[in-house]
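Asks:
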Amino acid sequence: MYLTDEEKSMHAGDEGDAVAAAMDLLIRYGEALGAERLCETRNVAGTMTQPSPAKAKLFAEGGWAKSYAVINLDCDDDIEIPRMKVPMCQLQHGFTGEVKGLSPYPLKNIELQDDAEAFFSDRGVNVLATCTPYQVGNLPVRGEHCAWMESSAVVYCNSVLGARTNCEGGASTGAAGLTGKIPYWGNHLPENRYATRLVRAETPVASMQDWGLFGYFVGEAVQEERPAVTGRLGQPILDELKHFGAATATSGGVEMYHIPGITPEAPTLEAAFGGHRMPEAITYGAAERRAAYEALNSQGTSEDVDFILLGCPHASLTQLSDIARMLEGKRLHDGSELWIMTPRALRSVADRNGYTAVIEAAGGHLLTDSCPAMSRTAPEGTRVFATDSAKQAHYLPAILGIEAWFGTLEECIQAAVTGRWRGELAAA
Ligand code: F3S
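Just so it is clear: in the sequence shown, position 43 is 392 by my numbering, and no numbers are missing.
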């Protein structure tokens, strides 16, 4: 792989052992991928504070420097970890002390994470602690090379913002933070960003639930390819695109889609394909919509719901405002738990705006930093949960061994207040 003089110098150790280890990792990674060179990035979103048994063991052996060296740099040497070279943020991690008393989430994880936050904050990592960094100030511009993890954020970064990232891992982002470099391959190359599949909606896609259902269908249909989607699409808002992309990356492995007129690189359908011949369209109609809905509800049998989960991906202020409005003056059903996930930075705005007070007065909890799927926890004794997120409905039954219902926000709030699931697919 071609290396610039600066990269050779970093590899030789001129900027210290950690940077040399990081460059070594990037060279091995890039060569394995067939990348011809590295490219510069000044936007890294990774994870290093998330507690795990492996990190706890390494931390006990040699502190957070040891953990970062082994897990984020694939290096067994005892090295110091300097300040990150380029802006880097921590994505979602484990729950904080907010969850004490709400679930059996281990206290030692909370303590470990608090300790990691202090260590990595000192090294310049911005602890955004969310799967939606783009909602709280990390907004790369069109064409910018990024190194992001988290599938729902990656697809948003490429498709909505027009910035460029592959779906990176803890090691490649760890190395990118210390060097400002990432292999130039995959979604970084313009020719790899054109659409390869065409999906036409023949039934309207206009509500939050419909964007989730459509995304779930598209991901299943195209798997890891790049779809251009057209047809009867309403004007989406940020939250709908957030749910759509997360769903495409759940049932499939979509990292980039094109919506003509929305995706920056696709002013037209022809531009989405870069002038290449378009494939025959895959059709999304009423039957496909119904099938996606039934697949997402295939894990539900009991209508007695004990846990309602909202905010996957993490909720925006618009969503929190909607939830607070629906809960105003209501009380949750005895024995029902309602958790709403949001970024830590938005939680402080929700507090100021009174949304948190309304949610808590109803008996719900506004939580930050994590989610039940990421932290593998839910209220003690949960058997059946309901959500408006295709991603959580897909993953949580397998992770926690519980039943799932997928519906609209209104249906989820109704379930929280009555303890009963009454969802059904409305006409599009
Ligand atoms: Fe975020 Fe958890 Fe969903 S990390 S995207 S809320 S599965």
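We put the beta carbon where it would ideally sit given N, CA and C, even for glycine.
L715 and R696: beta carbons closer than 9 Å?
Replies: Start at 1 with the first residue of the sequence shown, and residue 715 comes out as number 366. Start at 1 with the first residue of the sequence shown, and residue 696 comes out as number 347. Cβ atoms of L715 and R696: closer than 9 Å.
Asks: Tell me the DSSP bridge mates of T757?
Replies: Walking along the sequence shown from the start, residue 757 turns up at place 408. For T757, which the question treats as bridged, DSSP gives no partner whatsoever.
Asks: Can you tell me the Cα-Cα spacing of G594 and V603, whole angstroms?
Replies: As a first step, residue 594 is located in the sequence shown; it is residue number 245 there, counting from the start. As a first step, residue 603 is located in the sequence shown; it is residue number 254 there, counting from the start. Each residue's Cα considered, the two are about 8 Å apart.
Asks: Indicate the three-state DSSP secondary structure (helix, strand or coil) for R639 in the structure shown.
Replies: Here the question's residue 639 lines up with position 290 in the sequence shown. Here R639 sits in helix by DSSP.
Asks: Quick check: what's the CA-CA separation for Y543 versus T617?
Replies: On the sequence shown, position 194 is the one that residue 543 refers to. On the sequence shown, position 268 is the one that residue 617 refers to. Straight-line Cα distance between these residues: approximately 12 Å.
Asks: Quick check on DSSP: helix, strand or coil for L645?
Replies: Within the sequence shown, numbered from 1, the residue matching residue 645 stands at position 296. It is helical.
Asks: Assuming A596 and Y565 form a contact by the criterion Cβ under 8 Å, report the distance between their Cβ atoms to the nearest whole angstrom.
Replies: Locating residue 596 in the sequence shown gives position 247, where the first residue counts as 1. Locating residue 565 in the sequence shown gives position 216, where the first residue counts as 1. 4 Å between Cβ atoms; contact.
Asks: Run the CB neighbour count on G450, radius 10 Å, all protein chains shown included, and call it buried at 16 or more, exposed below.
Replies: The count along the sequence shown starts at 1 and reaches residue 450 at position 101. Answer is exposed; the Cβ neighbour count stays below 16.
Asks: What are the boundary residues of the alpha helix (DSSP H) that includes L382?
Replies: Sequence index remark: in the sequence shown, residue 382 carries index 33 (1-based). Counting along the chain, the alpha helix (DSSP H) containing L382 begins and ends at 366–382.
Asks: Near A361, what residues of its chain come up, given a Cβ to Cβ distance below 8 Å and the 5 sequence neighbours on each side ignored?
Replies: One-based indexing of the sequence shown puts residue 361 at position 12. Contacts found: A369.
Asks: Just reading off the beta strand (DSSP E) that Y633 is part of, what are its end residues?
Replies: Start at 1 with the first residue of the sequence shown, and residue 633 comes out as number 284. Here the beta strand (DSSP E) through Y633 covers 631–633.
Asks: If G395 and M437 are in contact, beta carbons under 8 Å, what's the gap, nearest whole angstrom?
Replies: Within the sequence shown, the letter at position 46 stands for residue 395. Within the sequence shown, the letter at position 88 stands for residue 437. Correct: roughly 7 Å between the Cβ atoms.
Asks: Got a sec, what are the start and stop residues for the beta strand (DSSP E) I657 sits in?
Replies: Sequence index remark: in the sequence shown, residue 657 carries index 308 (1-based). Looking at the DSSP string, the run of the beta strand (DSSP E) that includes I657 is 656–659.
Asks: For A577, is the classification buried or exposed, using 16 other Cβ atoms within 10 angstroms of its Cβ as the cut-off for buried?
Replies: Locating residue 577 in the sequence shown gives position 228, where the first residue counts as 1. By the 10 Å Cβ count, A577 comes out buried.
Asks: What does the alpha-carbon distance come out to for the pair D425 and G379?
Replies: For the purposes of this step, residue 425 is taken as residue 76 along the sequence shown, with counting starting at 1. For the purposes of this step, residue 379 is taken as residue 30 along the sequence shown, with counting starting at 1. Going by the C-alpha atoms only, they are around 20 Å apart.
Asks: Suppose you measure from the CA of G712 to the CA of Q399; what does that come to, to the nearest Å?
Replies: For this step, residue 712 is matched to residue 363 along the sequence shown. For this step, residue 399 is matched to residue 50 along the sequence shown. If I take the Cα positions, the gap works out to 28 Å.
Asks: Please return the same chain residues whose Cβ sits closer than 6 Å to the Cβ of N515, not counting the five positions on each side in sequence.
Replies: For this step, residue 515 is matched to residue 166 along the sequence shown. Once the five neighbours on either side are set aside, the close Cβ partners of N515 are G535, N536.
Asks: Residues in the same chain with beta-carbon distance under 6 Å from H743, minus the five sequence neighbours each way, listed in chain order, please.
Replies: The residue you call residue 743 lines up with position 394 of the sequence shown. Cβ within range, chain order: T599.
Asks: Among the residues of its own chain, which have a CB less than 7 Å from the CB of M433, if the five just before and after it don't count?
Replies: Here residue 433 corresponds to residue number 84 of the sequence shown, with the count starting at 1. Correct list, in chain order: R472, G473, V474, G526, L527.
Asks: Classify T579 as helix, strand or coil using the three-state DSSP reduction.
Replies: Along the sequence shown, one-based indexing puts residue 579 at 230. Three-state DSSP puts T579 in a strand.
Asks: Considering just the uninterrupted stretch of the alpha helix (DSSP H) at W560, what are its terminal residues?
Replies: Walking along the sequence shown from the start, residue 560 turns up at place 211. W560 -> alpha helix (DSSP H) spans 557–571.
Asks: In chain order, what residues of the same chain lie with their CB nearer than 7 Å to the CB of E760, ignoring the 5 residues before and after it?
Replies: Counting from 1 along the sequence shown, the entry for residue 760 is found at position 411. R771, G772.
Asks: Determine, using beta-carbon pairs with one atom in the stretch 577–593 and one in the stretch 544–562, whether at least three such pairs fall under 8 Å.
Replies: Yes, since at least three Cβ pairs between the stretch 577–593 and the stretch 544–562 fall closer than 8 Å, the two stretches touch.
Asks: Roughly how many angstroms lie between the CA atoms of Y704 and A722, to the nearest whole one?
Replies: For the purposes of this step, residue 704 is taken as residue 355 along the sequence shown, with counting starting at 1. For the purposes of this step, residue 722 is taken as residue 373 along the sequence shown, with counting starting at 1. One C-alpha to the other measures close to 24 Å.
Asks: Taking the Cβ atom as the reference point for each residue, do A520 and I428 lie within a distance shorter than 9 Å?
Replies: On the sequence shown, position 171 is the one that residue 520 refers to. On the sequence shown, position 79 is the one that residue 428 refers to. Result no, Cβ atoms of A520 and I428 do not sit closer than 9 Å.
Asks: Have a look at V435 and A496 and give me their C-alpha separation to the nearest angstrom.
Replies: Locating residue 435 in the sequence shown gives position 86, where the first residue counts as 1. Locating residue 496 in the sequence shown gives position 147, where the first residue counts as 1. Near 11 Å, if we compare the C-alpha coordinates of A496 and V435.
Asks: Mapping DSSP to helix, strand and coil, what is V548?
Replies: Working through the sequence shown from its first residue, we reach residue 548 at position 199. Here V548 sits in strand by DSSP.
Asks: Considering V733, what are the terminal residues of the beta strand (DSSP E) in which it resides?
Replies: To locate residue 733, count along the sequence shown from 1; it is residue 384. That run of the beta strand (DSSP E) goes 733–736.
Asks: Less than 8 Å between the CB of P482 and some heavy atom of the ligand F3S, yes or no?
Replies: Within the sequence shown, numbered from 1, the residue matching residue 482 stands at position 133. No, Cβ of P482 sits at least 8 Å from all heavy atoms of the ligand F3S.
Asks: Just to confirm, is the Cβ distance from L562 to A739 under 9 Å?
Replies: One-based indexing of the sequence shown puts residue 562 at position 213. One-based indexing of the sequence shown puts residue 739 at position 390. Contact flag set, yes.
Asks: By DSSP, does V490 sit in helix, in strand, or in coil?
Replies: As a first step, residue 490 must be located in the sequence shown, where it is residue number 141. Of the three classes helix, strand and coil, the one that applies to V490 here is coil, per DSSP.
Asks: Give the secondary structure of T717 by DSSP, where H, G and I count as helix, E and B as strand, and everything else as coil.
Replies: As a first step, residue 717 is located in the sequence shown; it is residue number 368 there, counting from the start. Here T717 sits in strand by DSSP.
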